[in-house]
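J.:
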Amino acid sequence: MQKKLLILGGGVSHLAIINIANNMGLHTVVMDKNPAAKGLKIAKKAINLDGGNKEQVLSVAKAENIDGILSTGDYSVIPAAYAAEKINLVSLGSKTANLVTNKGELFSRFAKHGVPIPPRKVVTNFKDALGVVNKIGLPVILKPEYSYGASRGVIRVNSIEEFEKKFKFTQGFCLKKGIIIEKFIDGLEHTIESITINGKTSVLAISDKIRTSNPYCVATSLDYPSKQKKDIVRKLKLAAKKAIAASGIRNGASHIEAISLSGQVYVIDFGGRGGAGGFIPSVVVPRINGVNMMEAMIKIALGEKVGSLKPQFWNSVIYRFFVAEPGIVKSINGIRKAQKISWVVDLKIHVKKGDRIEVLSNQLLRPGYFVVVGKNNQEAEKRAKLIQELVKIKTK
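Just so we're on the same page, this note's numbering is the position in the sequence shown counted from 1, plus 14.
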């Protein structure tokens, strides 16, 4: 009998997830509150409801006799776990789901379990925030304790004079009152993708991240695999495994962000789901090493046995984002030519002529992306630069 998979999210970044599930022979039920979501069009069944509403997710799961529920981002981690737990399906569990989306409580647990993290504190008012800054020392990073990710509300503070204004900026993105004040570590950032099965974690991909850092911290490129020395890569893997164990995840994916500096590593963010809304497990990881990470995630959700996660080969992959000067888009050139190149895995532009490009203050404002593959880091970087020269977004 054909199994049914409920996928919570049908946006552009989720299309690859839906296609993988369809190709696995599953009956895909895609739930998205946006009636124009492209994923609804390729699902076996489309549900135009909010995948971030746990009661609506539970109602759909019951009505459709769902066999597994897949979260595609922080927004749907809690609803997926809640509904799956209610109908006895495999999930993170509500306790773990609530923990991994509460960055204050989660990092307190990390500290107790020996996970390397920067000095940080959660505050709820400006007076307490000043006290923390005086203790930690500038520069610091402000982050919402609760948000829906995408670097919304994340900002660097370099001086006391700018602190109040930036504190209010972060408050504007908080789902609850808590704001995290974290010591800014001026090192190289990394992303770490992992799968955990019965408490055993396999680290599948580690990137070197290029990002903006003053004042906003937004990724502009993820370069795989990391070019760092073996000792740093080993420490990143160890930190990831410690963080996953401390989080309570026994079965599922995780997306971790960390920083390396002077031979040390620090975990700075954690997600109990795949990176980039599931795009990295679906599109990037298989091109790096042949491991179909998303298929493994789907099998875990369905309660099925996952096959080997051993890498089959090693390629270099660059997942890079287009940038453009703020203003009105007056022209976009080179897209069709770039999309026809064999080593271009994916390329999409999210803006069109006449749209406004804002200052890059969070990941949702990036105007597009591309993914290229090469046999080594040098070839992949050369190819990425060719695409950046070919595709131009001009503003006025």
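Yeah, the Cβ is synthetic: ideal placement off N, Cα and C, and Gly gets one too.
Since the structure is predicted, the reported quantities are computational estimates derived from the model, not experimental observations.
Would you decide whether PRO340 is buried or exposed? Buried here means 16 or more other CB atoms lie within 10 Å of its CB.
T.: Exposed is the call here.
J.: Among all the DSSP beta bridges, which residues are the ones paired with GLY285?
T.: For GLY285, which the question treats as bridged, DSSP gives the partners HIS269.
J.: Secondary structure at LYS190, three-state DSSP: helix, strand or coil?
T.: Three-state result, LYS190: coil.
J.: Is the Cβ-Cβ distance between GLY292 and HIS28 less than 7 Å?
T.: Closer than 7 Å, so yes.
J.: Am I right that TRP357 and GLY388 are in contact with their C-beta atoms under 8 Å? What's the rounded C-beta distance?
T.: The Cβ separation is near 7 Å, so the contact holds.
J.: Which of the three DSSP states, helix, strand or coil, is assigned to GLU176?
T.: Residue state, collapsed to three classes: helix.
J.: So ARG248 and HIS269 are supposed to be a Cβ contact under 8 Å. How far apart are they, rounded?
T.: Going by Cβ atoms, the distance from ARG248 to HIS269 rounds to 20 Å, so no, they are not a contact pair.
J.: So, for LEU361: in the same chain, excluding its five sequence neighbours on each side, which residues have a beta-carbon less than 8 Å away from its beta-carbon?
T.: Correct list, in chain order: ILE349, ALA352, GLN353, GLY382, TYR383, PHE384, VAL385, ILE401, VAL405.
J.: For THR115, which option in ILE273, ARG397, ILE342, ALA94 has the closest C-alpha, if you only look at C-alpha atoms?
T.: Ranking ILE273, ARG397, ILE342, ALA94 by Cα distance to THR115 puts ALA94 first.
J.: I need the DSSP call for PRO93, collapsed to helix, strand or coil.
T.: It is helical.
J.: Output the distance between the C-alpha atoms of ILE371 and ILE363, rounded to the nearest integer angstrom.
T.: Going by the C-alpha atoms only, they are around 12 Å apart.
J.: Just the Cα atoms here: how many angstroms apart are GLY192 and GLU403?
T.: Straight-line Cα distance between these residues: approximately 42 Å.
J.: Inspect the beta-carbon positions of GLY65 and GLY25 and report whether they are closer than 7 Å.
T.: Cβ distance not < 7 Å, so GLY65 and GLY25 don't count as in contact.
J.: Beta strand (DSSP E) containing THR215: first to last residue?
T.: Unbroken beta strand (DSSP E) run through THR215: 214-225.
J.: Of the choices ILE34, SER208, ILE83, VAL279, whose alpha-carbon is the least far from that of LEU316?
T.: Taking only the C-alpha atoms, the option nearest LEU316 is ILE83.
J.: Note down the Cα distance separating GLY213 from ILE346, rounded to an integer number of angstroms.
T.: Those two C-alpha atoms are separated by around 47 Å.
J.: If you measure between the beta carbons of VAL305 and LEU218, is that distance less than 7 Å?
T.: Yes; because the gap between Cβ atoms is below 7 Å, this pair is in contact.
J.: THR234 lies in the alpha helix (DSSP H); which residues open and close that run?
T.: Unbroken run through THR234 is the beta strand (DSSP E), 233-238; no alpha helix (DSSP H).
J.: Along the chain, where does the beta strand (DSSP E) containing SER7 start, and where does it finish?
T.: Outside the displayed range of the chain (15 to 410) lies residue 7, so it cannot be described from this structure.
J.: Under 8 Å: do the segment 170-184 and the segment 123-132 share three or more Cβ pairs, one atom per stretch?
T.: The segment 170-184 is not in contact with the segment 123-132.
J.: Kindly list the residues whose CB is nearer than 7 Å to the CB of SER85, restricted to its own chain and excluding five residues on each side of it in sequence; keep chain order.
T.: The residues are LEU22, VAL91, ALA94, ARG287.
J.: With a Cβ-Cβ cutoff of 7 Å, do ALA30 and VAL44 count as a contact?
T.: No, Cβ-Cβ distance for ALA30 and VAL44 is not below 7 Å.
J.: Considering only C-alpha positions, which residue in the set LEU144, ASP46, ALA75, ALA254 is nearest to PHE121?
T.: Comparing Cα-Cα distances from PHE121 to each of LEU144, ASP46, ALA75, ALA254, the minimum goes to ALA254.
J.: Could you tell me whether the Cβ atoms of GLU119 and ILE155 are closer together than 7 Å?
T.: Their beta carbons are not under 7 Å apart, which means GLU119 does not touch ILE155 by this criterion.
J.: Select from SER105, TYR89, LYS68 the residue whose C-alpha is nearest the C-alpha of GLY266.
T.: When each option's Cα is compared against that of GLY266, the closest is SER105.
J.: Answer yes or no: do LYS243 and ASP222 have a C-beta to C-beta separation smaller than 7 Å?
T.: Not closer than 7 Å, so no.
J.: Where DSSP assigns a beta bridge to TYR383, which residues make up the other side?
T.: The partner list for TYR383 (beta bridge, DSSP) reads PHE335, LYS362.
J.: On the three-state DSSP scale, how would you describe SER208?
T.: Looking at SER208 - three-state DSSP - the assignment turns out to be strand.
J.: What span of residues does the alpha helix (DSSP H) with THR115 cover, start to end?
T.: No alpha helix (DSSP H) contains THR115, which DSSP labels as neither H nor E.
J.: Out of LEU202, ILE258, HIS127, ASN139, which one is the CA nearest neighbour of GLY277?
T.: The option with the nearest alpha carbon to GLY277 is LEU202.
J.: Quick one: what does DSSP say ALA398 is sitting in, helix, strand or coil?
T.: Of the three classes helix, strand and coil, the one that applies to ALA398 here is helix, per DSSP.
J.: Quick check: what's the CA-CA separation for LEU378 versus GLY285?
T.: Approximately 17 Å, taken between the alpha carbons.
J.: Buried or exposed: MET308, going by 16 or more other Cβ atoms within 10 Å of its Cβ?
T.: Classification of MET308: buried, given that the 10 Å Cβ count is 16 or more.
J.: Whose CA, out of ALA77, LEU20, PHE327, lies closest to the CA of GLY53?
T.: Measuring from the Cα of GLY53, the nearest candidate turns out to be LEU20.
J.: Buried or exposed for GLY167, going by 16 or more other Cβ atoms inside 10 Å?
T.: With 16 or more Cβ atoms within 10 Å of its Cβ, GLY167 is classed as buried.
J.: I need the boundaries of the alpha helix (DSSP H) containing GLY82, first residue and last residue.
T.: Segment 82-85 is the beta strand (DSSP E) holding GLY82; no alpha helix (DSSP H) there.
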